[in-house]
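Protein chains in written order, with the numbering used here: chain A, 1 to 201; chain B, 202 to 425; chain C, 426 to 597.
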Amino acid sequence: MMRVDPLVHRVLDGELPPEVLTPAQRVELERLERAATLLAQVPARSVAHRVMAEVRRPVPSLGQRFARWFAERHTITITIRPAWSLAVAAVLAAIALFLGRGPAPVLGSEEGIAQFVGRFPGANSVEVVGSFTDWRPGAVVLRDDDHDGIWRAVVVLPVGQHEYMFVVDGERWVTDPLAGRYVDDGFGRQNALLIVRPVPR
Amino acid sequence: MTLGRLAALWLVATAPLAGQEARARLAGRVPSVALSALDSIVAEAGDEGIPTEPLIQKALEGGAKGALAERIVAVVGASASQLRRARALLRLTSESQPAGPAEVTAVAAALSRGVSPQLVESLTVALPGEPTGPALHAVADLVGHGFTEDVSVDLMVDAARQGFRGLRLLDVAAAAVLELQRGESRAMALARVHDMLPNVPPPPRPAPATVSKARRLAPPSQRP
Amino acid sequence: MIVARILQGDPEAFGLIIRRYEAGLLRYATRMLGSSDAAADAVAEALVRAYRHLAACRDPERLKSWLYRIVGNRCRSHLARRSSSDVSLDDAPPLADPGDHEADTERADQLARVERALGTLSSEKREAFLLKHVEGLSYEEMAAATGERIPTLKMRVHRARAALLAILKEES
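Printed below as a string of structure tokens:
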């Protein structure tokens, strides 16, 4: 990148008068000032009418908005399949992290537990890859000990937010369908967003 | 020496370190042609005091997912812009004390989930002195299930007035979502949770047998 | 004083604020977004929001920076929804120069070159350059409008100047 003389910056910032500049520096100054002048043209457009129309419209009060919500129908029908109930419970456990009352690993004040559950019948391997593994595979491997197609792992993670995906059979990246929170990864997929909570004392 | 000057010196001293650390962690994990550009983005972010770990993580993610070099650079650049937006919003709305990197990262994630800057401002004003991250994620959870931003913010404010703080706000949002999943309309789900306050239960604890199976991850140096 | 009048229940007085600041806000949004239609939407929404939340502008002396802040937020949200924050200004129609009724080809060419150069800057540098050199905000006003610290803004303005000069030099 081209370097601009600090004196030119100081003149443009109003700290020094232009007289301190050499002719070559003045050329740079004038080029930038000319660019700004060209950009300073004012648009031949107005939004005044539009804005004043909104300003003149009365705004409903909070109570009126709430009442409107009650009056409107917002029904939603969800069929809860029996197989989902296990998954829903597991997702709630993954979102809220608490130490159980029985024997448990000794956790620091800035650590919690996350439970990962995924249904992948026919898979040979399922792992979790995410921010807590530095996006490396192999650190969190799920197990399906009873071969029912439901893969599980429970890990200790630092408190805070984490993003992850499942990787099935070493190559297929799958968004956790039961995570409940998602964020676009920027690469065309969605990461699950996990918020790990500290263990209550 | 003033605190401000010390902080500026610290930033200057660590900025080259941020760049070096980025290169060391990214070498071999992202296409080599992307290294220099990624280095610049991380160094510039470090100069401005923006958290750099999320940027390094995003680059590692792109490499792991097999993205092209240009895409990785573009996405990491966009992440840096999002972090800047988050920090600027927190500064504008919360003059009392500067937001830490975790708070900036949490707000950036909430913005990425579609939470509007206006909502960040509304929540910060409504819940002064509170870390905004958990409340924003709670609102994002509700909006993701079709509740409007306005009623979601109202619920958080009501919950905060009744003593809910930080991550407990996530439980309030989860309670509303659970009512929805039980077949209630959004209006009824909200009404039930408003009525429930302050007795919104925490989520169920995992069974002790499950907890005892929890494994720690190996430190990064020992991972495959 | 205008702010006080509006808060006391004279909404028509908001028209004075629009008249005073609209042109600069539209110009700024057009340069940020590269589209006069998108800019008009952003500025209209921002002004309506400003009216509804006027009480939140704690210091009427800082009304200008406050308005630029709201418009800036809208522009940033709009840009975040695009896949890249690079703006192509090819779609932006030339802004009218009321002082020149005849076609000025050389001036139009120069403006096109500057617009192209501006479009290559990151959104943060573009914003900093526009607020400083086109909208004429002081660094203090820019800090109030963006939430960024003055040293950070100075760094962005300096880098924007360097980048623009390099491109303009190459093209000439």
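All C-beta atoms, glycine included, are put in the ideal place defined by N, C-alpha and C.
Practice task
Starting from P43(A), find everything on chain C with Cβ-Cβ shorter than 8 Å and list it in chain order.
Solution key: A448, L451, R452, T455, S461, A464, L520 and A521
Practice task
Assign E171(A) to buried or exposed, taking buried as 16 or more other Cβ atoms, counted over all protein chains shown, within 10 Å of its Cβ.
Solution key: exposed
Exercise for the section: Can you tell me which of W135(A), R3(A) and A192(A) puts its alpha carbon nearest to the alpha carbon of L29(A)? Expected result: R3(A)
Exercise for the section: Within its chain, find whatever has a CB closer than 8 Å to the CB of I76(A); leave out the 5 residues flanking it on each side and keep chain order. Expected result: Interpretation of I76(A) is limited by its pLDDT of 42, a score under 50 that renders its predicted location unreliable; the figure taken from the coordinates is listed afterwards. Nothing listed; no residue qualifies.
Practice task
Compute the beta-carbon to beta-carbon distance between H338(B) and L381(B), rounded to the nearest angstrom, for a pair I have assumed lies under 8 Å.
Solution key: With a Cβ gap of about 17 Å, H338(B) and L381(B) do not count as contacting.
Practice task
State yes or no: is the beta carbon of L157(A) nearer than 9 Å to at least one beta carbon in chain C?
Solution key: no
Practice task
Would you mind telling me which residues of chain B sit closer than 8 Å to R181(A), beta carbon to beta carbon, in chain order?
Solution key: R314, H338, A341, D342 and G345
Exercise for the section: Answer with yes or no whether the minimum CB distance from V326(B) to chain C is below 9 Å. Expected result: yes
Problem - Cβ neighbour criterion (16 or more within 10 Å) applied to N191(A) - result: buried
Exercise for the section: Quick one: grab the DSSP three-state call for S513(C). Expected result: Low confidence applies here, because S513(C) scores a pLDDT of 44, under 50, leaving its location unreliable; read the following figure in that light. The answer is coil: DSSP assigns S513(C) none of H, G, I, E or B.
Exercise for the section: Please decide whether V4(A) counts as near chain C, where near means a Cβ-Cβ distance under 9 Å. Expected result: yes
Practice task
Mind listing, in chain order, the continuous alpha helix (DSSP H) runs of no fewer than 4 residues lying wholly within the stretch 373-399 of chain B?
Solution key: 387-397
Practice task
Starting from D184(A), follow the alpha helix (DSSP H) in both directions and report where the run begins and ends.
Solution key: Here D184(A) belongs to no alpha helix (DSSP H); instead the beta strand (DSSP E) covers Y182 to D184.
Exercise for the section: Using a Cβ cut-off of 7 Å, pull out every chain A residue sitting near L261(B), in sequence order please. Expected result: D134 and W135
Practice task
Would you kindly work out how many angstroms separate the C-alpha atoms of M52(A) and R286(B), rounded to a whole number?
Solution key: 30 Å
Problem - Best match in R230(B), V373(B) and K259(B) for proximity to P404(B) [C-alpha to C-alpha] - result: V373(B)
Problem - Segment limits, alpha helix (DSSP H) that includes P158(A) - result: Looking at the DSSP string, P158(A) is not in any alpha helix (DSSP H); the run it does join, the beta strand (DSSP E), is I150 to P158.
Problem - Local conformation of A553(C) per DSSP, three classes - result: helix
Exercise for the section: Out of V141(A), A153(A) and G138(A), point me to the one whose CA is closest to F116(A)'s CA. Expected result: A153(A)
Practice task
Would you list the residues sitting across from Q363(B) in a DSSP beta bridge?
Solution key: Paired residue(s): none; Q363(B) is not in a bridge.
Practice task
Please state whether DSSP places N498(C) in a helix, a strand or coil.
Solution key: helix
Problem - Residue environment, S184(B), which counts as buried when at least 16 other CB atoms sit within 10 Å - result: The structure shown has nothing for residue 184(B), since chain B only spans 202 to 425.
Handout entry: Closer than 9 Å to chain A by CB, P485(C)
Key = no
Exercise for the section: Would you be able to state if there are at least three C-beta pairs under 8 Å between the stretch 318-333 of chain B and the stretch 180-187 of chain A? Expected result: no
Handout entry: CB contact flag (L589(C), V539(C), <9 Å)
Key = yes
Handout entry: Between the CA atoms of W135(A) and R34(A) - distance to the nearest angstrom
Key = 48 Å
Handout entry: Closer than 8 Å: D462(C) CB and nearest the ligand MN heavy atom
Key = As far as ligands go, the structure on display features none, and thus does not contain the ligand MN.
Exercise for the section: Could you tell me whether the stretch 576-587 of chain C touches the stretch 544-554 of chain C, where touching means 3 or more Cβ pairs closer than 8 Å? Expected result: yes
Practice task
Could you have a look at W173(A) and say whether DSSP puts it in helix, strand or coil?
Solution key: strand
Practice task
Could you work out which residues of chain C lie near E249(B), taking near to mean beta carbons separated by less than 7 Å?
Solution key: T577
Exercise for the section: Round the Cβ separation of A333(B) and L291(B) to the nearest angstrom and send it over; I've been treating them as touching at under 8 Å. Expected result: The amino acid occupying residue 333(B) in the given sequence is Thr; Ala does not appear at that position. With a Cβ gap of about 7 Å, T333(B) and L291(B) count as contacting.
Practice task
Could you say which of R584(C), L458(C) and R445(C) lies nearest to R499(C) if we only look at CA atoms?
Solution key: L458(C)
Handout entry: Straight-line gap, L21(A) to V344(B) (C-alpha atoms, nearest Å)
Key = 56 Å
Handout entry: Test item: CB-CB of H162(A) and L193(A) under 9 Å
Key = yes
Handout entry: Cβ pair count under 8 Å reaching 3, the stretch 225-232 of chain B against the stretch 305-324 of chain B
Key = no
Practice task
Verify whether the separation of the beta carbon atoms of A454(C) and V473(C) is less than 9 Å.
Solution key: no
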